[in-house]
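The opening residue of the sequence shown carries number 21 in our numbering; numbering runs sequentially from there.
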Amino acid sequence: MKQILINLAVRDLQKSLGFYKALGFTSQFSDDTIVRLAWSDSIAVMLMSYEKFATFATKPLANTRSIMAGYFTLYVSNIDELNNIMTNGLNAGGIEPNEMSDYGFMQQRTIEDFDGHTWNVLYVDVSKLPSEQGE
Numbered sequence: 021m022k023q024i025l026i027n028l029a030v031r032d033l034q035k036s037l038g039f040y041k042a043l044g045f046t047s048q049f050s051d052d053t054i055v056r057l058a059w060s061d062s063i064a065v066m067l068m069s070y071e072k073f074a075t076f077a078t079k080p081l082a083n084t085r086s087i088m089a090g091y092f093t094l095y096v097s098n099i100d101e102l103n104n105i106m107t108n109g110l111n112a113g114g115i116e117p118n119e120m121s122d123y124g125f126m127q128q129r130t131i132e133d134f135d136g137h138t139w140n141v142l143y144v145d146v147s148k149l150p151s152e153q154g155e
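In structure tokens, the structure reads:
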């Protein structure tokens, strides 16, 4: 099976765990320095304390509160799910840096965690996708 594991350095592991659980991630295992959370069977996030993350890093760690180091997208199945995830994330302390974008066939909202890691939550209604010219 192929999987994607996104590793993120966080300042407060327990606070971040609460945020990601509010988004809908499920905890798989943890210790004092690492928490593994699943989004699906093939997508997971590993939250690591800065100290633990630094033991794996080959470069200095970015301050993701002020520098964009990645932009991750979570696809959802409907607009209600998108809005529920955002409401839960905001209630857990996340920040929505800009307003929702509505493209007719696609709605997009963005949320940042406590460390500035940026997540795009996206719903695409394939029945409303624009058709290609000439078809």
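Where is the CB? At the ideal position from N, CA and C, for every residue including glycine.
Small disclaimer: the values here were computed from a predicted structure and weren't measured.
- Separation of Asn118 and Leu142 (C-alpha to C-alpha, rounded to the nearest whole angstrom) is 14 angstroms.
- Per DSSP, the continuous alpha helix (DSSP H) segment holding Asn111 begins and ends at 99-111.
- Phe39 is the residue among Tyr91, Leu25, Phe39, Leu57 whose C-alpha sits nearest the C-alpha of Ala112.
- Straight through space, the alpha carbons of Asp51 and Ala89 are spaced by roughly 25 angstroms.
- The beta-carbon separation of Asp135 and Arg85, rounded to 6 angstroms, stays under the 8 angstroms limit for a contact.
- Exposed is the label assigned to Gln48, since fewer than 16 other Cβ atoms lie within 10 Å of its Cβ.
- Boundaries for Thr46: no alpha helix (DSSP H) harbours it, while the beta strand (DSSP E) harbouring it runs 46-50, taken from the DSSP string.
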